[in-house]
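What follows is one structure encoded as structure tokens, with my remarks underneath.
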Amino acid sequence: MRILLTISLWLFASGAFALDAATVNKLGFGDGDEKIAAIAALVAEGDPAAAALLQAATDGELQTSGKLVLIVKGEEGVNAATGAKVAPLPEDREDVILNNRVRRELGGAVAALKLISPDRAIRLAAAKELTGNADEAMLPLIKKALARETDAGVKQLLELTQATLELKTGTKESRVGAVRTLGLSTNPNTKMLLLGILEKSKEGTFTEPDEDIRIEAQKSLLALEGRLAWGERAGVLFTSVSLGSILLLAALGLAITYGLMGVINMAHGELIMVGAYTTYVVQNFFKRTEFFDWYPLAAVPASFIVAAAVGMALERLVIRWLYGRPLETLLATWGISLMLIQTVRTIFGAANVQVENPSFMSGGIEVLTGVVMPWSRVYIIAFAALVLFLMYFLLTKTRLGLFVRGVMQNRAMASCVGVPTARVDTWAFGLGSGVAGLAGCALSQIDNVGPNLGQNYIVDSFMVVVLGGVGQLAGTVYAALGLGFANKLLEAWQGAVLAKIAVLVFIIVFIQKRPQGMFALKGRALDS
């Protein structure tokens, strides 16, 4: 808007525009009603000069001297009607007094005149501001702006505003056209306008006497409700995939340490926490540089390496001596999880720390009115897909993956053919821990980072792995997405608490009927 105001003042100074002197005098010297009438007339003119004048009035830069109305910025001033420079400024200047009613009209008028801005973002913001708040006097300017608007998003909002105004004051033909336009909207507020046409008074008569308009309103209402229903379905679909991708990231590491190695690692959630805090440290380092938006490129490998190092140390020092003893492993890793939590509290404090999104992960995509896909969630879905692909490639196409699968299926035979099983255990546990660190890096962009971060995902991670089938990456994917859809669909139906209970009951019943999960491991060693 400042760019528009600067251009307008330059046009004033050059004499390219001149406003009606009587209208300008009403704004400067008239009473409340005359000022409002002058504002409506200036809006109807719809040129940059009117925009600059109304913006100056809003900013308190409109003054009078004798019979002159001046726009004064600092020590410089111009005649508000002609744009001629006034120097020196008169000593007897007085500020133009505006009451609250006039200020409200000014706010709407300035928003309307932003529609002539060359900046698309300013026009879009103005169109959103006018939706549902436009005055009838703004209709000519809205029509002018609509005639020369080229952006589809701005044009749709302007068409909705125009239809809303014409529905109140237009002829029968224009009102029918306005109702049809409202039926093409994706804005939930439009539904209230259409319902208003179909309302009945206490006496049982329709508030809208014209039957043709009521028939069109009914058709438009059905079309709008169908479109809004599809928007709600799209929102549920996106949130389900988003939740599923988060569960997948949290469970992928556990699919290796528990699914492939059979280790019940109760410290898995704390390895996720380690990845999140590593991201926080990397972010703080980048805050001191000019490359803050690039910190995720360093945080991703750093969170993997740090979490993998912690996991490998955990395997070397503790878990290696507890293979084949699940109860002792569970208790030992639970104790280690408490130690990790307390360590983080000692270093970073008990309060949550703030991890800021880079600029490219801020905001979102508004696919429909009220249905916004945050960029942070979109990037996490893509990140989860990338991590899954890399895990699949590593386990199926590399030597380490071959060793891991061989040790998982028959440890004794793998050792006999020269596979270093102890080293493979360490590398596999480090890989699973590193993937948990990647999950923490991703979760830091959408969740609070605190000492208890991992506790929120450890149970869900185990449920995903067990439901999908121990040792099966494909089962982990299906289980994560399935639980994501089930949670969100049940939340919309019965609420978050009952949804969690229903999902847990389903998993218990499913495991009772099929203990091996959706996908069972196959192999002679396992079958025996």
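With our numbering as the guide, the letters of the sequence shown map in order to residues 57 to 584. Where a beta carbon is used, it is the ideal one built from N, C-alpha and C, also for glycine.
When only Cα atoms are considered, Ala96 and Val125 end up about 18 angstroms apart. Going by beta carbons, Thr385 and Ile320 fall inside the 8 angstroms limit. Here Asn135 carries a strand assignment [DSSP, helix/strand/coil]. Lys129: member of the beta strand (DSSP E) spanning 124-129, first to last residue. Contact annotation: Gly457 and Leu446 have beta-carbon atoms that are not nearer than 8 angstroms. Scanning Glu150, Pro146, Lys453, Ile127 for the CA closest to the CA of Gly139 turns up Ile127. Setting aside the 5 residues that flank it on each side, Val480 is surrounded in the same chain by Phe459, Val460, Val463, each with a C-beta closer than 7 angstroms to its C-beta; the list follows chain order. Annotation note: the stretch 169-203 contains the following uninterrupted alpha helix (DSSP H) runs of length 4 or greater, listed N- to C-terminal: 176-186.
Listed as beta-bridge partners of Thr120 by DSSP are Val125, Glu150. Inter-residue distance for Ile178 and Leu221 is about 22 angstroms (C-alpha atoms, whole angstroms). According to DSSP, Ile421 shares a beta bridge with Met429. Between Leu110 and Leu162 a beta carbon distance of about 6 angstroms is seen, short of the 8 angstroms cut, so the two are scored as contacting. The alpha-carbon of Leu251 is positioned some 18 angstroms away from that of Ser230. DSSP places Val463 in the helix class (H, G or I) of the three-state scheme. Boundaries of the alpha helix (DSSP H) harbouring Phe360: 351-373, taken from the DSSP string. The shortest C-alpha to C-alpha distance from Gly496 to any of Trp390, Ala136, Leu560, Ala307 is the one to Ala307. Here Asn155 is exposed, its C-beta having fewer than 16 other C-beta atoms within 10 Å.
The beta carbon of Gly420 sits closer than 7 angstroms to the beta carbons of Val428, Met429, Pro430, Trp431 from its chain, once the five residues preceding and following it are set aside; these are given in chain order. Annotation: the stretch 242-291 contains no complete segment of the beta strand (DSSP E) (minimum length 3 residues). When the Cα atoms are used, Arg433 and Thr295 turn out to be separated by approximately 9 angstroms. Classified as buried, Glu547 has 16 or more neighbouring CB atoms from the shown chains inside 10 Å of its CB. By the neighbour-count criterion, in which 16 or more other beta carbons inside 10 Å mark a residue as buried, Ser517 falls on the buried side. Around the beta carbon of Ile557, fewer than 16 other beta carbons lie within 10 angstroms, which makes this residue exposed. Per the DSSP secondary-structure output, Val505 pairs in a beta bridge with Val409. CA-to-CA, the gap between Gly233 and Asp268 works out to about 11 angstroms.
No Cβ-Cβ contact shorter than 8 angstroms links Ile397 with Ile502. Each of Gly291, Ala363, Phe404, Ser241 was checked against the Cα of Lys544, and the nearest Cα belongs to Gly291.
Within the same chain, Cβ atoms closer than 8 angstroms to the Cβ of Val411 are found at Ala332, Thr335, Tyr336, Gln339, Ser500, Gln501, Val505, the five residues on either side in sequence being excluded. Here Gly391 is exposed: its Cβ has fewer than 16 other Cβ atoms, across all protein chains shown, within 10 Å. Around the beta-carbon of Leu293, fewer than 16 other beta-carbon atoms lie within 10 Å, marking it exposed. Residue state for Val521 is assigned as helix, using DSSP reduced to three classes. Residues Trp431, Ser432, Tyr435, Gln501 of the same chain have their beta carbon placed closer than 7 angstroms to that of Met417, with the five preceding and five following residues left out of the count.
Counted as a single uninterrupted DSSP element, the alpha helix (DSSP H) harbouring Asp481 occupies residues 477-499.
Residue pairing by DSSP places Val142 opposite Gly133 in a beta bridge. The C-alpha of Asp148 lies about 24 angstroms from the C-alpha of Val158. Distance between Ala182 and Gly209, taken at the CA atoms: about 12 angstroms.
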